[in-house]
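Undergrad: Just passing along the structure, written as structure tokens.
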Amino acid sequence: MSELSQVARPYAKAVFDLAKDAKDYTKWTDQLAFLQAIMADEQLVQVLEDPNISNEQAGELVLSIGKGKLDKEGQNLVKLMAKNERLAAMNDVNQQFLEMRDNAEQVIEAQLITATKVDAEQKIAFEAALSRRLGKKIKLESQVDKDLIGGAVVRAGDWVVDGSVKAQLQDLVGAIGS
Numbered sequence: 021m022s023e024l025s026q027v028a029r030p031y032a033k034a035v036f037d038l039a040k041d042a043k044d045y046t047k048w049t050d051q052l053a054f055l056q057a058i059m060a061d062e063q064l065v066q067v068l069e070d071p072n073i074s075n076e077q078a079g080e081l082v083l084s085i086g087k088g089k090l091d092k093e094g095q096n097l098v099k100l101m102a103k104n105e106r107l108a109a110m111n112d113v114n115q116q117f118l119e120m121r122d123n124a125e126q127v128i129e130a131q132l133i134t135a136t137k138v139d140a141e142q143k144i145a146f147e148a149a150l151s152r153r154l155g156k157k158i159k160l161e162s163q164v165d166k167d168l169i170g171g172a173v174v175r176a177g178d179w180v181v182d183g184s185v186k187a188q189l190q191d192l193v194g195a196i197g198s
């Protein structure tokens, strides 16, 4: 686990607990995504890392950019993270919050990688099949990889099924070479 990931954990947990208690994950999902986007700006990061900028000034700069996008709790998070010199961990806070939220909502992100584009109907069928198989709601992202030749690769958490023609050919070559 990286240092920023460890630093981010208590902030992500606190935000998750607030969202859970309020039964409103959407507000925090939006605010953290916005803050992550702000903190992804390289020019802003350079300014915030300037030793002549105080922690309070760093927080106020982020808040000025986020004016109207952050509620009181969101503003308090920025102030606290700035005070503790933790603004650089915002990406990790967001990622960990999203993992906690998805776990609480019994949602798992999955990838469907195919040699050709899948249509909406096929995507819905894959989501339904994965949902039955894994017992969770599925957020399916599909992508095309022409190197697969045919078939598909499905990834959901640690679970991977490689039904691609490329994998079958590699298995065949391995069997012949043995």
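Residue numbers (this note's numbering): 21 to 198.
We put the beta carbon where it would ideally sit given N, CA and C, even for glycine.
(1) Are the segment 44-62 and the segment 138-147 touching, with three or more C-beta to C-beta distances below 8 Å?
(2) I think ALA130 touches ALA102, with their Cβ atoms under 8 Å apart; what is that distance to the nearest whole Å?
(3) Counting Cβ pairs closer than 8 Å, one from the segment 110-118 and one from the segment 39-56, do we hit at least three?
(4) Given a cut-off of 8 Å, decide if ILE128 and ALA172 are closer than it, judged by their beta-carbon atoms.
(5) To the nearest angstrom, how far is the alpha carbon of GLU105 from that of ASN75?
(6) Going by DSSP, which residues form a beta bridge with GLU129?
(7) Can you grab the Cα-Cα spacing for the pair LYS99 / LYS92, in whole Å?
(8) VAL138 lies in the alpha helix (DSSP H); which residues open and close that run?
(9) Within 10 angstroms of its Cβ, does GLY94 collect 16 or more other Cβ (buried), or is it exposed?
TA: In short:
(1) Contact between the segment 44-62 and the segment 138-147 is not established, with fewer than three Cβ pairs separated by less than 8 Å.
(2) Not confirmed; about 36 Å, so no contact.
(3) They touch, by the three-pair rule.
(4) No. Outside cutoff.
(5) In a straight line, the C-alpha of GLU105 is about 7 Å away from that of ASN75.
(6) Under DSSP, GLU129 shares a beta bridge with LYS159.
(7) Roughly 10 Å separates the two Cα atoms.
(8) First-last for VAL138: undefined, no H or E at that position.
(9) Buried, by the Cβ-count rule.
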